[in-house]
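Step one of this worksheet: look at the structure below.
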Amino acid sequence: MLTVVVLAAACASRPFPDKLFVETQHEADVDFGVYLNYAWLPDDRRRANPVFAENPPLADMIVSAVDRELAIKGFDKTPDEAADFLITISARAQDVTVASKHRYQGWSHGYARSALASVNTATQLDKLVEGTLILEIIDVASEGVVWRARAAGVIARRDDIEKAVEAAVTRMLAEFPPES
95 MLTVVVLAAA CASRPFPDKL FVETQHEADV DFGVYLNYAW LPDDRRRANP
145 VFAENPPLAD MIVSAVDREL AIKGFDKTPD EAADFLITIS ARAQDVTVAS
195 KHRYQGWSHG YARSALASVN TATQLDKLVE GTLILEIIDV ASEGVVWRAR
245 AAGVIARRDD IEKAVEAAVT RMLAEFPPES
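In this note's numbering, the protein residues as written are 95 to 274.
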């Protein structure tokens, strides 16, 4: 049975991500205390993902962020045959356009000291990237997924992707390993 922990928060700093939603799930009967070493599943799966195929450095960014977070937590990256658990990632991304309307009013002096008022509406179109990152941890012995995290958010500028990846991975792994 999967235990679900849901975290949702609005980030205070702009421009990324305006909202980051993180959800984790894990098998309740798994002793995560026995996990010490990990390895990544082969790159073939990552290369097959359309998001990573279009942007190969993105996968490397995510792998580096995960490696960094796991090292901080005391896990060692090892060759496949020495690993207690394996890691895989997948992602989805789409460009979205968001329209927002702004009303403003203006005043001006008219003829013979009269005042003129006007109310105008302006529409602003923003192009954003809406993305989802999924991180799965697979037990080597059982070959089953024992922990999964999903982060979803909106990135206002493509230049902020690296910052968004760092924020998402940090939040995703904040509760890993779950307490038994």
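All C-beta atoms in this analysis are idealised placements derived from N, C-alpha and C, irrespective of residue type, glycine included.
Point to revise | Euclidean distance between Cα positions of PRO144 and PRO173 | key: Working through the sequence shown from its first residue, we reach residue 144 at position 50. Working through the sequence shown from its first residue, we reach residue 173 at position 79. Roughly 27 Å between the two C-alpha positions.
Practice item. Just the C-alpha distance for LEU227 and VAL128, rounded to the nearest angstrom, thanks. Key: One-based indexing of the sequence shown puts residue 227 at position 133. One-based indexing of the sequence shown puts residue 128 at position 34. LEU227 and VAL128: Cα-Cα distance of roughly 26 Å.
Practice item. Kindly indicate which three-state DSSP category LYS257 falls into: helix, strand or coil? Key: If you number the sequence shown from 1, residue 257 lands on position 163. Secondary structure of LYS257 (DSSP, three-state): helix.
Check your understanding: Does the beta-carbon distance from ASN131 to ALA165 come in below 7 Å?
Key -> Numbered from 1 along the sequence shown, position 37 holds the residue referred to as residue 131. Numbered from 1 along the sequence shown, position 71 holds the residue referred to as residue 165. Not a contact, by the Cβ cut-off of 7 Å.
Exercise for review: Please classify ARG197: does DSSP put it in a helix, a strand, or coil?
Suggested key: Indexing the sequence shown from 1 puts residue 197 at position 103. Residue state for ARG197 is assigned as strand, using DSSP reduced to three classes.
Practice item. In the DSSP assignment, find the unbroken alpha helix (DSSP H) run with PHE146 in it and report its ends. Key: As a first step, residue 146 must be located in the sequence shown, where it is residue number 52. Segment 144-148, the alpha helix (DSSP H) holding PHE146.
Point to revise | Where ARG265 sits in the DSSP three-state scheme | key: Against the sequence shown, residue 265 aligns to sequence position 171. Helix.
**Study point:** ALA258 to VAL160 span [Cα, whole Å]
**Key:** Here the question's residue 258 lines up with position 164 in the sequence shown. Here the question's residue 160 lines up with position 66 in the sequence shown. As the crow flies, the alpha-carbon of ALA258 is around 13 Å from that of VAL160.
Exercise for review: Taking the CB atoms as reference points, tell me whether ILE181 and ILE231 lie closer together than 7 Å.
Suggested key: Mapped onto the sequence shown, residue 181 falls at position 87. Mapped onto the sequence shown, residue 231 falls at position 137. Between ILE181 and ILE231, the CB-CB gap stays under 7 Å.
Check your understanding: Is ARG140 closer than 7 Å to ALA153 when the C-beta atoms are compared?
Key -> In the sequence shown, the residue the question calls residue 153 occupies position 59. In the sequence shown, the residue the question calls residue 140 occupies position 46. The criterion of a C-beta distance shorter than 7 Å is satisfied by ALA153 and ARG140.
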